[in-house]
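So the sequence shown is numbered by the numbering used here: it starts at 123 and just counts up by one.
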Amino acid sequence: MREKTLAWGAVVVFLLTLLSPLPVVAGELTTEERLAEQGLTVLALRNDTIDTDQDGDIDAVRVVVVLNSTAAQNDLIVKLRGLHKEREVLEVAEISFSGQTNISLVYDAWSKGEHRLRLDFFDEDGEFIASNPLPTFVLAPALQVPMVQLNLEAGASIQTGEACQIQRVFLDETGPRYGETGVRTFSGAPFSVLDAHGTLDCSSWPAGMYALRETYRNGLGQTAEANLNFTITNRPAPQFTLTLLGHENTTNLPCKVTMVAEEASASTTWTKNWRIKGKLVEGANTSTLDCSQLPAGAYLISLEVMNEKMISSTTGVNLIRLPNPNAGEDEMATAPSASLGEDTPTESVGWLSIGLLALVVTIVVFLAFTGKRRVEPLDLPPLGPAPQVLADGRPDPMGLPVITDDQGVMWRQHPDGKLDWWDADWQVWHGWEQ
């Protein structure tokens with residue numbers, strides 16, 4: 123009976139324990155309570171949406187906070203956080219005030235979509251005080267996303283040395299806005315290209331096929347890319363001809379050799395080297411050579427022309443200067459004689475002389491072909507053993523019996539039983555050694 127009473131008592135105690143009120147647990151402090159611990163009170167909090175570019179889409183949010191403080195001096199750090207695509211950007215304001223102050227922070231959208239905003243408060247040492255959640259906004263950015271362009275300014279076909287420029291256009295308003303400026307990468311040029319080089323002068327680039335590429339990526343993961351393909355061909359050698367004034371005229375008349383270039387505009391920048399009979403004319407870097415001072419005679423006039431890329435071509439002409447008929451005796455003495463054509467006097471050697479010469483030549487040729495030369499025998503060393511053959515060319519068995527086996531080899535036998543085999547190549551007998 124006593125045991126039953128104790129059992130019922132235990133059950134009653136258990137039930138009373140279950141029915142007794144639970145102890146009250148203190149909950150998390152609210153934003154207002156946390157700020158109140160620092161002597162701060164939020165008097166007003168306003169979120170204003172902004173359409174910066176007036177395109178009808180909200181692209182920014184201005185958050186305005188009015189704080190009141192009971193402390194004599196307050197130093198705060200206020201951060202406006204925006205979370206979008208798992209990336210967080212910050213707008214930070216550091217303030218120092220007493221009494222009441224207004225804090226205004228603007229969040230610009232960097233990508234289209236939902237942006238979750240939050241306002242955090244920190245003390246001057248960076249210790250967290252409180253956090254105040256803000257609404258989620260659907261924003262479309264007004265900031266310019268990264269853009270890279272490569273614009274070629276040149277003719278339809280480009281030759282070495284021709285005008286050629288590449289304009290590099292780059293813009294990124296988003297990355298620098300949040301301190302997330304990225305890196306530009308340029309490839310394909312024959313020389314190093316820095317970010318500061320907004321214009322590239324490709325007129326000095328060597329001939330070749332170029333595939334330029336520029337890429338950019340900022341800290342927010344936004345990318346831009348531009349490609350440019352073009353070809354620079356080698357400028358051909360200068361094309362020109364030479365015209366003569368005074369060719370086959372007498373020395374008392376004017377004489378000039380003039381270069382006529384196919385590219386008149388480019389000829390002024392070419393280097394010209396005139397030569398007379400291969401000798402360079404010093405200081406004659408002009409399009410016209412004055413040949414009036416040349417005495418009578420025949421001359422080879424050549425001109426080597428070189429363009430800006432050190433590509434050259436050479437053309438030459440023959441020039442004939444005739445003596446001046448009114449020249450003095452000294453000049454005529456040094457001048458070459460002119461041909462009189464059919465009237466040129468000649469000396470005759472006579473038919474008799476020609477006949478005698480022909481007879482001499484005939485006798486010499488006859489003796490050369492009919493003469494006999496005595497051939498001396500050559501003293502050569504023996505090339506092998508003397509052949510052992512009969513007069514008719516058959517092997518000489520020297521009285522010994524011979525036999526031919528199934529392989530066609532001839533054998534002879536000595537009285538003592540030794541055998542010799544016939545070597546048809548050398549035509550001699552070789553002893554057989556068993």
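In this text, a Cβ means the ideal position worked out from N, Cα and C, and glycines have one as well.
What you are looking at is a predicted structure, and each value in this text was computed from that prediction instead of being measured.
Where residue 481 and residue 448 are concerned, what is the direct C-alpha to C-alpha distance, given to the nearest angstrom?
-> 52 Å
Which whole-angstrom value is the C-beta distance of residue 418 and residue 443, which I expect to be below 8 Å?
-> With 8 Å as the limit, residue 418 and residue 443 qualify as a contact, their Cβ atoms being about 5 Å apart.
Helix, strand or coil: which one does DSSP assign to residue 277?
-> coil
In terms of alpha-carbon separation, which member of 492, 544 and 249 lies closest to residue 516?
-> 544
What residue from 184, 163 and 164 has the CA that sits closest to residue 173's CA?
-> 184
Residue 348: which of 160, 272 and 218 sits nearest, CA to CA?
-> 272
Please confirm if the segment 189 to 204 is in contact with the segment 282 to 290, defined as three or more CB-CB distances below 8 Å between the two stretches.
-> no
Between residue 345 and residue 253, what straight-line distance do the alpha-carbon atoms span, to the nearest angstrom?
-> Whole-angstrom Cα-Cα distance: 33 Å.
Excluding five sequence neighbours on each side, which residues of the same chain lie with their C-beta closer than 8 Å to the C-beta of residue 294?
-> 266, 267, 268, 269, 303, 304, 338, 340, 344 and 346
Which full runs of the beta strand (DSSP E) of 3+ residues lie inside the segment 319 to 356, going along the chain?
-> 321 to 323, 330 to 339 and 345 to 355
Which of helix, strand or coil does DSSP assign to residue 298?
-> In this structure, residue 298 counts as helix in the three-state DSSP scheme.
Counted within 10 angstroms of its Cβ, other Cβ atoms place residue 171 as buried (16 or more) or exposed | exposed
Reducing DSSP to helix, strand and coil, say where residue 93 ends up.
-> Since the first residue of the chain shown is 123 and the last is 556, residue 93 is not available in this structure.
Considering residue 544, what are the terminal residues of the beta strand (DSSP E) in which it resides?
-> 541 to 545
8 Å contact criterion, which residue 541 and residue 549 should meet: CB distance rounded | About 18 Å separates the two Cβ atoms, so there is no contact after all.
What are the complete beta strand (DSSP E) segments, minimum 3 residues, inside the segment 228 to 295?
-> Counting whole runs of 3 or more residues, the segment 228 to 295 contains the beta strand (DSSP E) stretches 235 to 245, 250 to 261, 269 to 276 and 286 to 293.
Under three-state DSSP, which class holds residue 397?
-> strand
Using a Cβ-Cβ cut-off of 8 Å (strictly less than) and excluding sequence neighbours within five positions of residue 321, which residues of its own chain qualify?
-> Cβ neighbours of residue 321 beyond the five flanking positions: 287, 288, 289 and 290.
Residue 373 versus 331, 420 and 217, residue with shortest Cα-Cα distance | 420
What distance in whole Å lies between the Cβ atoms of residue 188 and residue 166, which are believed to be in contact at a cut-off of 8 Å?
-> 4 Å
Do residue 399 and residue 422 have their CB atoms nearer than 7 Å?
-> yes
Hey, is the segment 209 to 225 in contact with the segment 188 to 198, meaning 3+ C-beta pairs nearer than 8 Å?
-> yes
Simplified DSSP assignment, three categories, for residue 192 = coil
Straight-line Cα distance separating residue 410 from residue 381 | 6 Å
Mind checking whether residue 306 and residue 317 have CB atoms under 7 Å apart?
-> yes
Check whether the Cβ atoms of residue 529 and residue 518 sit closer than 7 Å, and answer yes or no.
-> no
What separation, rounded to the nearest whole angstrom, lies between the Cα atoms of residue 363 and residue 445?
-> 27 Å
Residue range of the alpha helix (DSSP H) that residue 553 falls in?
-> Looking at the DSSP string, residue 553 is not in any alpha helix (DSSP H); the run it does join, the beta strand (DSSP E), is 550 to 553.
Nearest to residue 235 (by Cα), restricted to the options 198, 357, 180 and 154 = It is 180.
Mark residue 486 as exposed unless 16 or more other C-beta atoms lie within 10 angstroms of its C-beta, in which case mark it buried.
-> Counting every other CB atom within 10 Å of its CB across the protein chains shown gives residue 486 a total below 16, marking it as exposed.
Which residues in the same chain as residue 301 place their Cβ atom closer than 8 Å to its Cβ, once the five residues preceding and following it in sequence are excluded?
-> Counting only Cβ-Cβ distances below 8 Å, and skipping sequence neighbours, we find 341.
At which residue ranges does the segment 158 to 212 contain complete beta strand (DSSP E) runs of 3 or more residues, listed in the order of the chain?
-> 162 to 172, 182 to 191 and 196 to 206
Just the Cα atoms here: how many angstroms apart are residue 260 and residue 278?
-> 47 Å
Taking all protein chains shown into account, decide if residue 213 is buried (16 or more other Cβ within 10 angstroms of its Cβ) or exposed.
-> buried
Over what stretch of residues does the beta strand (DSSP E) that includes residue 490 continue unbroken?
-> Here residue 490 belongs to no beta strand (DSSP E); instead the alpha helix (DSSP H) covers 473 to 492.
Can residue 351 and residue 329 be called in contact, C-beta distance under 7 Å?
-> no
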